[in-house]
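Count the sequence shown with the numbering used here and you get residues 169 to 263, in order.
Encoded as C-alpha cells, the structure appears first; notes follow it.
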Amino acid sequence: MLKPLADRVVLKVLTGEEKTQGGIVLPDTAKEKPQEGEVVAVGPGKLLENGTRVAPEVKVGDIVVFAKYSGTEVKYEGQEYLIIRDSDILAIKEK
C-alpha cells in the first residue's frame with residue numbers, strides 16, 4: 169500500500185452518479201469530477217517549525233469531501249488513488 173508523507177492523505181475516489189435524477193445516462197465527458205473519497209492511508213502530519221507534529225483530523229475509513237481540482241492522481245497495483253494534502257479536505261461525511 170502507499171504510505172503518504174507529512175500532511176498528505178491517500179484517497180480512493182468514489183465515483184459519482186452515472187444517471188441524472190430523471191434517469192438519463194451520462195457519458196464520461198458530461199460527468200462532473202468526483203469530490204468524495206474514502207481515506208485509505210494517512211501521513212504522520214505536518215511538521216511545524218518548532219519541531220512538533222500536527223496530526224491530521226481524518227483517519228482510515230473516513231468518507232470525505234475534498235476540493236474539486238486538488239491532489240495528484242496515481243495508479244498503484246491496478247487501482248486509482250488520489251494523494252492530497254489534509255488541508256484540501258473540506259469535510260468528513262457522517263455515517
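Backbone N, C-alpha and C fix where the C-beta goes; we use that ideal spot for every residue, glycine too.
What you are looking at is a predicted structure, and each value in this text was computed from that prediction instead of being measured.
Cβ-Cβ distance between residue i and residue j below 8 Å
i      : j      : result
VAL181 : ASP254 : no
Backbone CA spacing between residue i and residue j [nearest angstrom]
i      : j      : result
PRO212 : THR240 : 19 Å
ASP230 : ILE257 : 11 Å
GLN203 : GLU217 : 31 Å
SER238 : GLY246 : 21 Å
First through last residue of the beta strand (DSSP E) which encompasses residue i
i      : result
TYR249 : 247 to 253
GLY205 : 204 to 210
Close-in-space but distant-in-sequence residues of the same chain around residue i (CB under 6 Å, 5 per side omitted)
i      : result
VAL208 : VAL178 and LYS180
Proximal residues to residue i (C-beta, below 8 Å), its chain only, five neighbours per side dropped
i      : result
ALA174 : GLY211, PRO212, GLY213, LYS214 and LEU215
VAL228 : VAL207, VAL208, ALA209 and VAL210
VAL226 : VAL177, VAL207, VAL210, VAL232, ASP254, ILE257 and ILE260
Closer than 8 Å to chain D by CB, residue i
i      : result
GLU248 : In summary, chain D is missing from the structure at hand, where a single protein chain is found.
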